[in-house]
Structures are given as structure tokens and as C-alpha cells.
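Below is one structure, written out as C-alpha cells; the observations come after it.
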């Protein structure tokens, strides 16, 4: 052992200095705060002045205001009566926390392509742990910009904050401070100028602190901890410690559902499908993001249009070749909706997935052009089925039976794969006696002897014959005889 310890290997390079494993493993949180989530979740994108209201202290207060309402002085926290005095045409809409939760879940599914660790524990905010994603997306600022663009594409205004603790990232996002903070030691100096109200504490406590001359976070950090806890409660101290990173903050991880299901409610009922379809396209964009985040495709979907005084209208859509492009689904749904008679105005909709499958690249060969893979043909048939109905197109397929007259079946056209067989798909209703003489019979023979168990036995020798025009016929005669030839099928 002593010799082993004393022996050196001069030919080997010295080991590089070990990086600080704690710094490498330290989490980095990207907070996405959605200040207009209450309006966006209700689909309230109309140009009219709107206000989302919430009951607080026994009175209706403005929780969120549209751009038209904000231009007339309506701000969150204002009593509804005061807001209506400023804006007489203000339309109040009740807040829907469940719709906000669904909207956050949809956004979280969109963001799964940036990181697998997402939390919805903060109000109107997504928390993304992105330390392991920085190199892949080109750094912190580039990653934040890509995430911001993804949220904007879904119609959501977003403010980003990047910090080593989720609470600090949330504070930065709410305050509109996009500059990233990458080191925990810099948190107090960066957060110190933020108002105390940014912690999310109630207005009464904020007022008490203000009367004591405490208005920004730096004022609180300068105070003795015991005195703060005794006078204002330990919850305030906990929030400060979580923001500064001196206290861990456990979060619940978001897990996407295994199947897609998304809903939309209309601000006003309508029978005009041209006003409904933009919301359908928004759902399909979410559906595409859902599929791409799972590297999956869908063989179909179901759209449910909801009415106030009638049963829901359901539109089921199937594809010959499973896909995931929102534009493909939208084109087929438009064909169906253009010919749809609604029993009443539409007030909402639901989109469900059907037949999820793993994504696989289309099979091609070296010498066949890519356009010859059958995709254009499949899309044409899908469009015809969407326009004419699922049973309008029929496709000859083969059954598992040796007797030719029982192998052919006209099923609804579904699969994108073409059945390949040495037999023709086009059979005559019943074999005909072949009277033509201008044919050439090829030597290859297929002998069929079967059916003895069900009272329909056949014993035939089948050949392919070519006539003078080049048509290929499928003919037979009884096995072991020199009897007449019968014509049974025609090759395409």
C-alpha cells in the first residue's frame, strides 16, 4: 500500500480543479408572471372597456381591467362603483379562478419544452427551474426571451424574473425587473428597493408597516428579526427569508395530464361560427404544443360546442395518418363546421384528444421523391371525409379468407397504408365464363383448396392472363381438370 501511494504517473495530465458542486447544482428560477391572466383566461379580448371583479371586504373590487378601461382610469383594487363612475360603459365580469388555473396549466404544458420542472404555486405565475437548460438555449437572457415569445404566441402578456430563489424571481417578475440575478449573494441589494406590498401581504399589514416608516424591503432587513416577528408576525419574516434565500421554499411540481383536454368560454353567446373559429384555432395551437412536448401525434380529436338550452354539438375528426399540425386539424374542422347546423348559440367549447401515438418519422426510400410518400393523397381523402362524412368514402380491403370471393370488403376509408397482395382487389360479383381467345396466360399458378368445413369448398388453379390491350386478368379453372377458364378479377 505504501508503494502504491508513493508511486506517481508523470505521463498522465494533472486533474483539473474540481468546480464547486454546490454552485453547479444550485437551482435557478425563471418566474413568468401574467398580470392580465384574469382577463385573458375569460377570453375578454374585446375592444370594449371590461373589468374583472372580485369580492373583497364585502364589496366588489376591480381585479383586472382591459386596456380600454385602464385608459379611462380604472385600476385594480378600485371599488366597482368608483370604476363605473369613471367609465360609465364599463362592463363588469366575475372573476373565474378555475379558468385562470386552466390557463396556467395550458401555459405550463407549453413551457415543458424548456424544462421538466415547473410549479404553479405562486398566484398568476409559473415557476420554471432552468439551471439545466441554460446551455441548451444559449444562456439566461436568450432562454427568457424564447419563453416570453412562446407565451406571447398564446396571447398572454408576461413579465419575467430570473433569480436563485422562486420568491425572489416572483418579486422581480411582478415588479417588471427583467435583469437576471444569478448569484444568491446579490439578492438583498437588488430586491432592497422593492415596495413591501410586493411581498403579497394584506393591505392592513402594509399600512401598519408604512405608518412605522417601513416602505421598502431594505427597511425590513435593517430591523431586528425578533422585533419584526413579535410586532408583525412570523409570516412576514418567512417571506423575507424565502426571498433572500436563507430559508428553503418547497414547491409542488406540475405534471401534465396524459391526455389533452382544453376548454374555452365565450364572452358572449353567438351563432356566428366565424366568431367561434378563432377560439377553435387557439385550442388547436395548444393541442399542437401538447403533442410536441410529448413527441406524440394524434389520430383524431373531438370538438364539443356547448349551448345554454340544447345538448352539446359534437364533431369527431379522424385522420388516415396521425398528425400534430394545428393547421391540418383546423382545415378539416373548418370543412365540418361550415356544414354544421347548430341547435342554438354557442357559449363555450371543449377539445379532447383521441388516439395518441408516439411520433415516428415517415418511411422513405433512397430513390423515391418525398412527395411520393402518399401524404398528399391522405390529406385529400381526409378533406373529402370531413366534407362528406366519415362513411362517404369506401376502400376495398382484404379479409383473412383463402376464398377470393370472401376476401374483399368495402370498409370506410381509414388507413394510409395500401394493402399489397398478389391478387387483384377488384373482383367480379361472380366468376364469368371466359370466352375471349386473345389472351396470354402467365405460368405462375396459385392453387386454392379450402372451404370444405363450411359447405363452400373450392379447388381452383389461378393464373394471371394478359389480353391484347395489356389488361391483366385473374382467371382460374378447377384443379385437375381441363375444363373452361373463368374470369374472376381485374388488376388495376
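Numbering (my numbering), first residue to last: 1107 to 1598. Here a beta-carbon is modelled for each residue, glycine too, at the ideal position from N, C-alpha and C. This one's a predicted model, so the numbers in the text were calculated from it and none came from an experiment.
Residue from the options whose Cα sits closest to the Cα of residue i
i            : options                   : result
residue 1185 : 1161, 1197, 1237 and 1205 : 1161
residue 1215 : 1159, 1397, 1464 and 1461 : 1397
residue 1531 : 1580, 1197, 1237 and 1490 : 1580
residue 1146 : 1208, 1428, 1308 and 1336 : 1208
residue 1233 : 1248, 1265 and 1205       : 1265
residue 1430 : 1450, 1159 and 1394       : 1394
residue 1351 : 1221, 1307, 1277 and 1159 : 1277
residue 1417 : 1442, 1450 and 1589       : 1450
residue 1492 : 1204, 1437 and 1341       : 1437
residue 1078 : 1221, 1202, 1182 and 1194 : Summary: the structure shown does not reach residue 1078, with the chain confined to residues 1107 through 1598, and so no result is reported for it.
Local conformation of residue i per DSSP, three classes
i            : result
residue 1333 : helix
residue 1595 : strand
residue 1408 : strand
residue 1580 : strand
residue 1276 : helix
residue 1550 : strand
residue 1401 : coil
residue 1266 : strand
residue 1587 : coil
residue 1561 : coil
residue 1386 : helix
residue 1225 : strand
residue 1233 : strand
Test: residue i CB closer than 9 Å to a CB of chain C
i            : result
residue 1164 : The structure shown has no chain C; it contains just one protein chain.
Contacts around residue i, its chain only, beta-carbon distance under 8 Å, and the 5 residues preceding and following it disregarded
i            : result
residue 1359 : 1223, 1224 and 1225
residue 1585 : 1553, 1555, 1565, 1566 and 1567
residue 1548 : 1569, 1570, 1571 and 1572
residue 1640 : With the chain represented from 1107 up to 1598, any question about residue 1640 goes unanswered, as that position is not in the structure.
Residue i - containing alpha helix (DSSP H), residue span
i            : result
residue 1345 : 1340-1350
residue 1424 : Careful: residue 1424 lies outside any alpha helix (DSSP H), inside the beta strand (DSSP E) at 1419-1429.
residue 1312 : 1309-1317
residue 1325 : 1323-1327
residue 1203 : 1203-1217
residue 1251 : 1246-1259
Cut-off 6 Å between Cβ atoms - residues of its own chain near residue i, not counting five sequence neighbours on either side
i            : result
residue 1392 : 1212 and 1368
residue 1537 : 1592 and 1594
residue 1248 : none
residue 1210 : 1226
Distance cut-off 8 Å: residue i Cβ against heavy atoms of the ligand SAH
i            : result
residue 1144 : Ligands in the displayed structure: none, and consequently the ligand SAH is not present.
Enclosing beta strand (DSSP E) for residue i [first to last residue]
i            : result
residue 1156 : 1156-1162
residue 1463 : 1452-1464
residue 1064 : The first residue shown for the chain is 1107 and the last is 1598, placing residue 1064 beyond what the model contains.
Neighbourhood of residue i by C-beta, 7 Å cutoff - its chain only, sequence neighbours within 5 removed
i            : result
residue 1460 : 1404, 1405, 1406, 1407 and 1408
residue 1196 : 1155, 1157, 1175, 1180, 1189 and 1190
residue 1306 : none
Does the segment 1263-1283 come close enough to the segment 1294-1303 that 3 or more CB-CB pairs lie under 8 Å? yes
Is the segment 1382-1391 close to the segment 1421-1429, with three or more CB pairs under 8 Å? The segment 1382-1391, when compared against the segment 1421-1429, does not touch it at the 8 Å Cβ threshold.
Whether or not the segment 1258-1278 and the segment 1131-1142 are in contact is what I'm after, with contact meaning three or more pairs of Cβ atoms, one per stretch, closer than 8 Å; do they touch? yes
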